[in-house]
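Note that our numbering has the sequence shown beginning at 5, numbered continuously upward.
To start, the structure under review is shown below, and the notes come after it.
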Amino acid sequence: MKLKIILLVFACFYMPFRSFSQKKECGTTLTSDNFDVLRSISTDIIEPLPSNGKIQYVPIKHHIVRKSDETGGISTSTINKIMQELNYIYKEAYVQFYIYNGIDYINSDMYYDFVDSLEESSLIATYNSVKSINIYYFHSVILNFSDVAGYAYLPTGTNTKNFIAIDNESAPNGTTVIHEVGHFFGLLHTHETFYGIELIDGSNGHKAGDICSDTPADPELNYNTVNENCEYIGGQEYKGLKYNPNTHNYMSYSRKECRDEFSNKQLARIYHYSYSAKIQSYDIKTDPSIIYHTFIQNHTFDSGNQTFIDQNIHAGSNITNTLLPGPVVIKNSAIVTFEAKESILLQGEFEVQKGAEFTGKTK
Numbered sequence: 005m006k007l008k009i010i011l012l013v014f015a016c017f018y019m020p021f022r023s024f025s026q027k028k029e030c031g032t033t034l035t036s037d038n039f040d041v042l043r044s045i046s047t048d049i050i051e052p053l054p055s056n057g058k059i060q061y062v063p064i065k066h067h068i069v070r071k072s073d074e075t076g077g078i079s080t081s082t083i084n085k086i087m088q089e090l091n092y093i094y095k096e097a098y099v100q101f102y103i104y105n106g107i108d109y110i111n112s113d114m115y116y117d118f119v120d121s122l123e124e125s126s127l128i129a130t131y132n133s134v135k136s137i138n139i140y141y142f143h144s145v146i147l148n149f150s151d152v153a154g155y156a157y158l159p160t161g162t163n164t165k166n167f168i169a170i171d172n173e174s175a176p177n178g179t180t181v182i183h184e185v186g187h188f189f190g191l192l193h194t195h196e197t198f199y200g201i202e203l204i205d206g207s208n209g210h211k212a213g214d215i216c217s218d219t220p221a222d223p224e225l226n227y228n229t230v231n232e233n234c235e236y237i238g239g240q241e242y243k244g245l246k247y248n249p250n251t252h253n254y255m256s257y258s259r260k261e262c263r264d265e266f267s268n269k270q271l272a273r274i275y276h277y278s279y280s281a282k283i284q285s286y287d288i289k290t291d292p293s294i295i296y297h298t299f300i301q302n303h304t305f306d307s308g309n310q311t312f313i314d315q316n317i318h319a320g321s322n323i324t325n326t327l328l329p330g331p332v333v334i335k336n337s338a339i340v341t342f343e344a345k346e347s348i349l350l351q352g353e354f355e356v357q358k359g360a361e362f363t364g365k366t367k
């Protein structure tokens, strides 16, 4: 009987680590290594966002991490949705993104649930693309012993890590990826205090907080201080003044469904950092047609009627002809239509079973 009691007590202490801990919104942190670089692209020093800037097409390598048996992982339709949402908002900073050489699948039980201190270096050394931004999607992300929705590395003079981690559960909402890519381009949390607490009257906004003077002071929002109508209800004060934060800013911790904008000076920072040596070392394109691709990999259509419309549609394996695992199966009563303005490419394992219907059209 005594043994049973001991085991029960052990279980009570062990289980909360993953089952009851609250997921942190973001694990990205600012350190002294970031100081000089971020000061150099402070939006109160650099030129404002131009009215007619030239659009740059920046590559992203998406790495979907699955179990060793090739199960799990987010869908390619989620990747396509993420790309659409990234391009919708970042176009305001004259930045667009394209999928670099298809989607990478990493089948590994070791990496499926990601722990930064144990696995980050080996993952980067093995799978990173040096010619693009790298975004990895994991079943879970543990950073400094905390469960986080995602994290990225801010620009520094010495640390050139090219790595963004996203928790699968947080990927479909879109704003988590937009938030982490914002860090990659030098944006800070709107509640940042490393440079000092931003005063509510905004008088030190050019040198404190997130160093963007057009983002109001933020006490660090959360789901308890922002209601379903995206109104701030926290009532917090600082030095006798009440906070009035922007609950819609992507770089805040507001409700994900509320976040839908960058400020003008945040957009200016993204634009100017897109011309940094680090970003310019990637495979930057100038032809806008590069972004008009829908990729469908590792997906089974087993019912319903679905139509995909885009400039180019690629289905099956990786577009680089390396035939990475990416079977597409249309079966049962499913009806699938591809409508492309330029091309339809079916590669590798693309199968239409008896009873299903597939139509491909080009204009």
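Ideal Cβ positions, reconstructed from N, Cα and C, are used throughout, including at glycine.
Pairing Tyr277 with Ser293, the inter-Cα distance amounts to about 23 Å. Cβ neighbours of Gly359 within its own chain (closer than 8 Å, five residues either side excluded): Lys335, Asn336, Ser337.
Fewer than three Cβ pairs drawn from the region 236 to 245 and the region 180 to 190 lie within less than 8 Å of each other, which leaves the two stretches out of contact. Bounds of any alpha helix (DSSP H) do not take in Ala156; it lies within the beta strand (DSSP E) bounded by 154 to 156. Taken in chain order, the complete beta strand (DSSP E) segments of 3 or more residues contained in the region 124 to 158 are 137 to 142, 144 to 147, 154 to 156. The beta carbons of Leu191 and Asn38 sit no closer together than 8 Å. Each residue's CA atom was taken as its position, placing Asn208 and Glu196 some 13 Å apart.
Asn172 sits close to Ile78, with the two beta carbons spaced by under 8 Å.
Only residues of its own chain outside the window of five on either side were considered, and among them Ile64, His66, Met87, His297, Phe299 have a CB closer than 7 Å to the CB of Ile103, listed in chain order.
Assignment of Ala272 by DSSP, reduced to helix, strand and coil, places it in the helix class. About 4 Å separates the Cβ atoms of Tyr61 and Lys289, confirming a contact at the 8 Å cut-off. As a beta-bridge residue in DSSP terms, Ile317 pairs with Thr298, Ile348. Going by DSSP, Glu235 is part of no alpha helix (DSSP H) at all; its letter is neither H nor E. If you check the CB distance, Asp218 and Ser267 come in under 8 Å.
When the five nearest sequence neighbours on each side are left out, the beta carbons in the same chain lying within less than 8 Å of the beta carbon of Ile295 are those of Tyr61, Met87, Asn91, Gln100, Phe101, Tyr102, in order along the chain.
With respect to Gly320, Phe362 sits apart: the two C-beta atoms are not nearer than 8 Å. Secondary structure in the region 195 to 234: no alpha helix (DSSP H) run of 4 residues or longer lies completely within the stretch. Collapsing the DSSP output to three states places Ile59 in coil.
In summary, Ile83 is buried, with 16 or more beta-carbon neighbours lying within 10 Å of its beta-carbon over all protein chains present.
For Glu51, the closest of Asn302, Gln357, Glu343, Cys216 by C-alpha to C-alpha distance is Cys216. When secondary structure is reduced to three states using DSSP, Ala169 falls in the strand class. Taking 8 Å as the cut-off, the Cβ atoms of Tyr98 and Tyr257 do not count as close.
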